[in-house]
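What follows is a single structure, written as structure tokens, with notes after it.
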């Protein structure tokens, strides 16, 4: 399943997103420099049952990565699905976010 940057942006600006947004690639340092506002940093390589324990089992996750040239969001989505979690990929990733003119944190 997919969602787009505009839907994610609108959900956060409404103040009531029904999902947890995960930045699925890169280092903590790169995340600190630039990420989609409201995102949590959880690289796809770090996704595990233990890493997800802080969120209820029925949580919907939306994952993103750098952009169309990156498969980190797809890898994260696959891991989340294998762990029985609901997941969508934010198509376009950071490239799409910037293309929509949305600000980064």
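In this note's numbering, the protein residues as written are 1 to 105. In this text, a Cβ means the ideal position worked out from N, Cα and C, and glycines have one as well. The structure presented is a predicted model; accordingly, all values stated were derived computationally and were not measured.
Cβ contact annotation for residue 76 (same chain, cutoff 7 Å, sequence separation greater than five): 22, 24, 44, 47, 63, in chain order.
DSSP lists no beta-bridge partner residue for residue 13. Between the C-alpha atoms of residue 67 and residue 84 there is a straight-line separation of about 25 Å. Separation of residue 17 and residue 11 (C-alpha to C-alpha, rounded to the nearest whole angstrom) is 5 Å. When secondary structure is reduced to three states using DSSP, residue 36 falls in the coil class, being assigned neither helix nor strand.
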